[in-house]
Each structure stands twice: as C-alpha cells, then as structure tokens.
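To start, the structure itself, in structure tokens.
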Amino acid sequence: MSVKHTVFLQVFVLLMGGCYTQMQPDKPKMPELWLDAKGVHQDYTAMNPPVGLNLTAAIPLLRDAETIDKIKQSLEQFAGLLWADTFGQLYIKQVILRNNSQDGYIHFEKLEKLGGHARFGGPFTVNTNLLDLDQKTGRKGVGVKVLAAGIMHEFGHSMLLLKDEYGTTRECIMHPQSRTSHFCESCEKELLDRFKNWKFPVGDERAKWVNQNKVPEPTITMGKY
Ligand SMILES: [Zn+2]
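Residue numbers (our numbering): -14 to 210.
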C-alpha cells in the first residue's frame, strides 16, 4: 500500500471514529457534588453511591511551598480515609486549593487550640499546627497523617452530620483521643439510617473490601485567588 493510501485510510478511520463517538448514547453520569465556602448545597442523602466530591480548600495566609505540599499530602490521605471509611460510597474527585484565600469549603488555619471546628452542612476549619507534630514527636510524616484524620473528623460533622464522641469509650474518628481512623459501629448505623442508598460490607467482606477496591486518586490543583 502506498504512503498516500495509508494516510487516507487513517484519516477515514479517524472521521468514522468521530461519527461513532457522536452516535453513542450518553453514558450514565456518576453523581457528583460541589462543596465550597457556602458548604453543601443540596440534600444528598438520597443520591446513589458512589458520589464524587469536588471541593475547594483555602489557606488564608500565604504559605511556603513545603507547607502547601504537606497540606496536599493530607488531602490525599483524607481521600483514602473517606473512601475506606464509607466503603466507597463517597470519594474525592477534585480539590481546588487556594493559597492566601478565605474562599474554600475547607480552611487550613493555624489555630491557638488543637483541633478544628465545623457546623453541620457548612464549611469547616482544620488546624495546620498539627503539621508541627513531626518535630514534637520526632517522627516524620505524623503531622500529615494527623491533619488528614482531622479533616476526616470535621468532614464527619459537616457532610455526614455526626456528633463529637469526646468523653465516650468509642473507638472512632469522631473521638480523636481513641486514635482510630474508622467509624465506630454506632456512627456506621447512623450513616446507614441517614443515607438510604448506602451499603457497607459485613463480616469477612469488610476486611477484604479495602484491598479489593483501590481508592480513586483525587486531582488536586492550585486555584486562583
Ligand atoms: Zn463513632
């Protein structure tokens, strides 16, 4: 076959490919939500999982590249926690991180007291002082991990409407002193009552689930401010 023929055929195949794509019926869209400075915009308790979350996150004071990188790592670990703790009912699809901005669903601030704060359905704040735990404990990476758990805890209030469990003996992310990254049985029951279409694996299937279901990687981009 001559070179000319090959080129012609390739163009023809490309054109046909284009027509074919256009003729395809729309694929069913996976449900998605946007979370921003106004919090959660709609009732999502009846949405069909898996629900992808797109959110904005803001760092109010201009931070150095190293801190921003650690915040990004915490967001990635939070995405893993959310995926595992809800058994894939929710996952982080996209994060737009804004430096030197107040405009975000998550606020990364240096707070005087440990911990963060959130309100049901609204944006929340986490404490970037947690990143200093590396120096305090002498263990590299602890700060990023604890900040990720902090995000998951406040998200538990804001998005999942779970209450604090301080003062209880529960081993739960809603009880940070228990140093557990999962939800307790009581929180899981509350979640299954609230989110009508959610299902959690039971028995032996629970332990297998995390190994069999790889966490979707979130896209984290630096946004304009
Ligand atoms: Zn709990």
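We treat Cβ as the ideally placed atom computed from N, Cα and C, and that holds for glycine.
Residues bridged to residue i [DSSP beta-bridge criterion]
i: M207; result: L82
i: E156; result: None, per the DSSP bridge assignment.
i: E94; result: N112
i: L40; result: L20 and V80
i: V25; result: L20
i: H75; result: For the record, residue 75 in the displayed sequence is Leu; it is not His. L75 is bridged to V36.
i: H102; result: T110
Other residues of its chain near residue i: CB distance less than 6 angstroms, five sequence neighbours each side excluded
i: A64; result: I77 and P203
i: V95; result: Position check: residue 95 holds Lys in this sequence, whereas Val was assumed. Cβ within range, chain order: T113 and N114.
i: A192; result: none
i: H167; result: D70
i: G123; result: none
i: V200; result: G65 and W68
i: V131; result: L115 and L118
i: G73; result: P35 and N198
i: A103; result: F109, E139, H142 and S143
Cut-off 7 angstroms between Cβ atoms - residues of its own chain near residue i, not counting five sequence neighbours on either side
i: R48; result: N84
i: S171; result: R155
i: Q87; result: A43 and P45
i: Q58; result: V129
Residue range of the alpha helix (DSSP H) that includes residue i
i: L66; result: A50 to D70
i: N33; result: Element bounds for N33: n/a, residue is neither H nor E.
Run of the beta strand (DSSP E) containing residue i, from where it starts to where it stops
i: W19; result: E17 to D21
Same chain only: Cβ atoms within 8 angstroms of residue i, ignoring 5 sequence neighbours per side
i: L18; result: V25, H26, Q27, Y29, M32, V36, G37, L38 and N39
Exercise answer, beta-carbon shell around ligand 1 heavy atoms below 6 angstroms
E150, R155, C157, M159, F168, C169, S171 and C172
Counting pairs of beta carbons, one from the stretch 48 to 57 and one from the stretch 135 to 143, are three or more of them closer than 8 angstroms?
no
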